[in-house]
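Chains as they are written, first to last, in our numbering: chain A, -15 to 246; chain B, -15 to 246. Note that the Cβ used here is the ideal one computed from N, Cα and C, for glycine as well.
Number of protein chains: 2
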Amino acid sequence: MTALSSGALGSLDPTSDRAVFRQIADQLREAIDRGKFAEGAKLPSESDLVEHYGVSRMTVRNSISLLQGEGLVSSEHGKGVFVRPRPPVRRLASDRFARRHRDQGKSAFTVEAEAAGSRPEVDSLVVKEERPTADISARLGAPRKVLARRRRYLLDGRPVEFAVSYLPLDLARDTPIAQPNPGPGGIYARLEELGHHLDHFDEEIRARMPSPQEVKTLRLSAGVPVIQLIRTAFDTKGRAVEVCDTVMAADAYVLNYRLPAT
Amino acid sequence: MTALSSGALGSLDPTSDRAVFRQIADQLREAIDRGKFAEGAKLPSESDLVEHYGVSRMTVRNSISLLQGEGLVSSEHGKGVFVRPRPPVRRLASDRFARRHRDQGKSAFTVEAEAAGSRPEVDSLVVKEERPTADISARLGAPRKVLARRRRYLLDGRPVEFAVSYLPLDLARDTPIAQPNPGPGGIYARLEELGHHLDHFDEEIRARMPSPQEVKTLRLSAGVPVIQLIRTAFDTKGRAVEVCDTVMAADAYVLNYRLPAT
DNA sequence: CAGTGGTCTAGACCACTGC
DNA sequence: CAGTGGTCTAGACCACTGT
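Following this line, the structure appears as structure tokens:
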């Protein structure tokens, strides 16, 4: 009687074509799905599993790495492997840039996070002039230089989003937009004050696995994709006045859009 | 002089704290980023890398599995490891359900794919009556039973999307909607003919790693997330008349939305 | 057939965690 | 300190691919 024989895990089928490490992963996955291991719960240790299944450690590790890739579990050195808890998600509504949300002293992120009961933070704010990449340049109508505003957003101490806003330099230079804190209502309010009345936003959404850099910046665990949202703001003259490139931890976000049926 | 000594890969830094397999992955990643290995190109074989770096095969495999998890490469049994090509993406515009796109004999998917020069297919079409899950039930205003329409979409033979539409059964029973082919303009055209004039759609977007089932259905390679889009269609009386749950291969899609600045 | 990646073993030593 | 996962070795045999 091992510690696991009365537990949630069965035994291997030696006649099966399915690789042993996949069978083990299947059993762990099913146990998790059935709630035998709750969110945040610790899985049996590697040596427990080695003993239970009578396989080598590399085989067990292979199983666990499969589940990590699926985003089901994450391992913590010296502690164990845990069922990945679903963090609270941030819902982005499609009216989040409506003017009526812009009259606060605080940023949209702050207001919304506090309403949801979370503690919002913004850090790593860097504003500087740059030569745009080919892609940004094309979206902004080929300005020679741009103002780039970089910042990271955190909820309850957890980084959830990293964003860079690009604006044509001729439009932003020597304005409050070039200041770290652009003032109440954010840069969209400043743009309108400068006579660039906003008409609409185009948003472009992708999902992919994060780069090593993004893993570090957003402290992502294995098996968590990112959502990349590239938003272009157009004024009433049809000019692209800002491009915002946002990378979000996919497990922290749900995006909402409302489409008219026309 | 090994076959690789004049190639794109350097050597290890034994004084570095960085794990050997990470250093190898770093070098391969950089070589890919720099274009030393083009899209679709074959990486050096495992034995090449074992020889080049003087490490064991498991170490090399560990490096490669890291890159697979990042979605950078994918391995093909008996052939090699290849830089993952970016497949042509399907752009979903936010006006894709506008009535003016609905007067064709063909489905929106077909029309749009042909316009983009791809060969569209729809398969695995199954229509049946079901008891809704708690989530679907809540979205549809708690009907006792629903009509579920499942189908898979392919582009040039590649599965890109799996979708399930749910409609309250009292609304869809004994109508063309319950037929495998609901006719020109699709189910939205039929809903309007039945007096359910569409007012708007709510779309909810998430990204996550696929389940093993989704990997099979969409033939996803390692390191490819899925985008899950849950759309609810509302009629002019405010009633939810359809919920469509769509799972898309993330490397095949870019979603576009236009938001009014209000 | 030779070459490729897929699976698996049976060890070893290390780094991190918590008591 | 004992227990955990992280890294690495040096093999072995298998399954799939192309010629």
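Which residues in chain A sit within 8 Å of residue i, going by Cβ to Cβ distance?
i	result
Tyr137 of chain B	Simply none; closest approach about 17 Å.
Pro209 of chain B	Ala191, Arg192, Met193, Pro209 and Ala234
Ser149 of chain B	Here the premise fails: no neighbours, minimum Cβ distance about 16 Å.
Ser78 of chain B	Tyr241 and Leu243
Determine the extent of the beta strand (DSSP E) in which residue i is found, giving its start and end residues.
i	result
Pro104 of chain A	Pro104 to Glu114
Ser59 of chain A	Val57 to Glu60
Ala217 of chain A	Val210 to Asp219
Leu33 of chain B	Leu33 of chain B -> not in any beta strand (DSSP E); alpha helix (DSSP H) instead, spanning Glu30 to Tyr37.
Asp229 of chain B	Ala224 to Ala233
Asn165 of chain A	Asn165 of chain A -> no beta strand (DSSP E), and no H or E assigned at all.
Ser149 of chain B	Arg142 to Pro152
Pro244 of chain B	Tyr237 to Pro244
Val130 of chain B	Val130 to Leu139
Val67 of chain A	Gly64 to Val67
Arg75 of chain B	Arg74 to Leu76
Strictly below 7 Å CB to CB, what residues from chain B border residue i?
i	result
Phe81 of chain A	Leu243 and Ala245
Going along the chain, which residues of its own chain have a beta-carbon closer than 8 Å to the beta-carbon of residue i, five neighbours each way excluded?
i	result
His85 of chain A	Asp79, Ala92 and Val95
Met(-15) of chain A	Any reading at Met(-15) of chain A needs caution, since the residue's pLDDT is 40, under 50, leaving its predicted position unreliable; the model's value is listed next. If we look at Met(-15) of chain A and ignore the five residues flanking it on each side, it has no Cβ neighbours.
Phe185 of chain B	Phe81, Arg215, Thr216, Ala217 and Phe218
Leu76 of chain A	Tyr237, Val238, Leu239 and Asn240
Ser(-10) of chain A	Any reading at Ser(-10) of chain A must be qualified, since the residue scores a pLDDT of 46, below 50, and its modelled position is unreliable; the value itself is stated next. Around Ser(-10) of chain A: no qualifying Cβ.
Arg103 of chain B	Ala97, Leu139, Asp140 and Gly141
Val144 of chain B	Arg74, Tyr137, Leu138, Leu202, Met232, Ala233, Ala236 and Tyr237
Ser0 of chain B	Gln7
Val210 of chain B	Ala191, Arg192, Met193, Pro194, Glu198, Leu202, Leu204, Val231, Met232, Ala233 and Ala234
Counting only the same chain and skipping the five closest in sequence on each side, list residues whose C-beta sits under 7 Å from that of residue i.
i	result
Gln11 of chain B	Leu(-7) and Gly(-6)
Gln52 of chain B	Ser58, Ser59, Ala206 and Gly207
Ser29 of chain A	Gly64
Asp183 of chain B	Phe218, Asp219 and Thr220
Ser108 of chain B	Arg134, Arg135 and Arg136
Leu124 of chain B	Pro116, Val130, Tyr150, Pro152, Ala224 and Val227
Glu105 of chain A	Leu138
Leu(-4) of chain A	Val4, Gln7 and Tyr37
Val39 of chain A	Val4
Pro164 of chain B	Leu109 and Val111
For residue i, which residues in the same chain have their Cβ closer than 6 Å to its Cβ, ignoring the five residues on either side in sequence?
i	result
Gly167 of chain A	Pro160
Arg133 of chain B	Val111 and Ser149
Glu250 of chain A	Coverage of chain A is limited to positions -15 through 246, which leaves residue 250 of chain A absent and any answer about it impossible.
Glu188 of chain B	Ile214
Thr43 of chain A	Val4 and Phe5
Ala15 of chain A	Ala(-8) and Phe21
Asp158 of chain B	none
Lys26 of chain A	Gly64 and Phe66
His180 of chain B	Asp219 and Val225
Gly222 of chain B	none
Name, please, each residue of chain A whose Cβ falls closer than 7 Å to the Cβ of residue i.
i	result
Leu33 of chain B	In chain order: nothing, as chain A lies at least about 19 Å away.
Name the chain B residues whose beta carbon is nearer than 9 Å to that of residue i?
i	result
Leu204 of chain A	Simply none; closest approach about 11 Å.
Name, please, each residue of chain A whose Cβ falls closer than 9 Å to the Cβ of residue i.
i	result
Val238 of chain B	Glu188, Ile189 and Arg190
From which residue to which residue does the alpha helix (DSSP H) around residue i run?
i	result
Arg6 of chain A	Val4 to Asp17
Ala99 of chain B	Ala92 to Ala99
Ala82 of chain B	Looking at the DSSP string, Ala82 of chain B is not in any alpha helix (DSSP H), and its letter there is neither H nor E.
Arg41 of chain B	Arg41 to Gly53
Ala250 of chain A	Because chain A spans -15 through 246 in this model, residue 250 of chain A falls outside it and cannot be assessed.
Leu202 of chain A	Pro196 to Leu202
Arg272 of chain B	Because chain B here runs from -15 to 246, residue 272 of chain B falls outside it and cannot be looked at.
Using 8 Å as the threshold, is the region 167 to 179 of chain B in touch with the region 206 to 213 of chain B, meaning 3 or more CB pairs across them? no
Answer yes if the region 126 to 143 of chain A comes into contact with the region 92 to 111 of chain A, meaning at least three C-beta pairs across the two stretches below 8 Å, and no otherwise. yes
State whether the region 37 to 51 of chain B contacts the region 2 to 14 of chain B, with contact taken as three or more CB pairs (one from each stretch) at a distance under 8 Å. yes
What are the residues in the region 44 to 68 of chain A lying within 8 Å of chain B by C-beta distance? Ser49, Gly53, Glu54 and Gly55
If the cut-off is 7 Å on Cβ atoms, which residues from the region 166 to 193 of chain B count as contacting chain A, listed in chain order? Leu182, Asp183, His184, Phe185, Asp186, Glu187, Glu188, Ile189, Arg190, Ala191, Arg192 and Met193
Does the region 148 to 158 of chain B come within contact of the region 214 to 221 of chain A, defined as at least 3 CB pairs closer than 8 Å? no
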